[in-house]
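Read in order, the letters of the sequence shown correspond to residues 0 to 94 in numbering that gives the first Met the number 0.
Every residue gets a Cβ at the ideal spot worked out from N, C-alpha and C, and that includes glycine.
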Amino acid sequence: MKRKIVTLEELSKISEEYKKNGKSIVHCHGSYDVLHTGHIHHFKAAKTQGDILVVTLTADRYIDTCSIRRCRLYNSYRRSNRIACNRGNKTFSLC
Numbered sequence: 000m001k002r003k004i005v006t007l008e009e010l011s012k013i014s015e016e017y018k019k020n021g022k023s024i025v026h027c028h029g030s031y032d033v034l035h036t037g038h039i040h041h042f043k044a045a046k047t048q049g050d051i052l053v054v055t056l057t058a059d060r061y062i063d064t065c066s067i068r069r070c071r072l073y074n075s076y077r078r079s080n081r082i083a084c085n086r087g088n089k090t091f092s093l094c
């Protein structure tokens, strides 16, 4: 798999294929608006708990309902691209 950013439907198919092959999947979820070293350490630690790391993002529409005047800095496209740049093996992010 060359693409790391996938849709929910694609992620479902990928997950099923890995499960059929006996692989375990680890899941991290968050907004990751300001991606920092703590997030990277979290991803690396999570990855040690399974074969495949899946990182999903909170959708923009949920972040934008925040009562703070400006809740997010980056849209989901930019956030998912920053996570996909993580050099971790078989890391998928959902956009």
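Query	Result
Using the three-state DSSP reduction, which class does GLY37 fall into: helix, strand or coil?	helix
Can you give me the C-alpha to C-alpha distance between VAL25 and ILE39, rounded to a whole angstrom?	15 Å
So what's ASN88 in DSSP terms, helix, strand or just coil?	Low local confidence applies: a pLDDT of 44 at ASN88 is under 50, so the model's placement there is unreliable, with the coordinate-based value given in what follows. ASN88 falls in the coil class under three-state DSSP.
Quick one: using the 10 Å Cβ neighbour count with 16 as the cut-off for buried, is LYS46 buried or exposed?	buried
Provide the residue span of the alpha helix (DSSP H) that contains LEU10, from first to last.	7 to 19
Based on the DSSP output, what are the partners of ILE62 in its beta bridges?	None, per the DSSP bridge assignment.
Whose C-alpha, out of GLY37, LEU7, ARG2, is nearest the C-alpha of THR57?	LEU7
Within 10 angstroms of its Cβ, does TYR31 collect 16 or more other Cβ (buried), or is it exposed?	buried
Can you tell me whether CYS27 is buried or exposed? The criterion is at least 16 other CB atoms within 10 Å of its CB, across all chains shown.	buried
Along the alpha helix (DSSP H) that carries SER75, what are the first and last residues, could you check?	75 to 83
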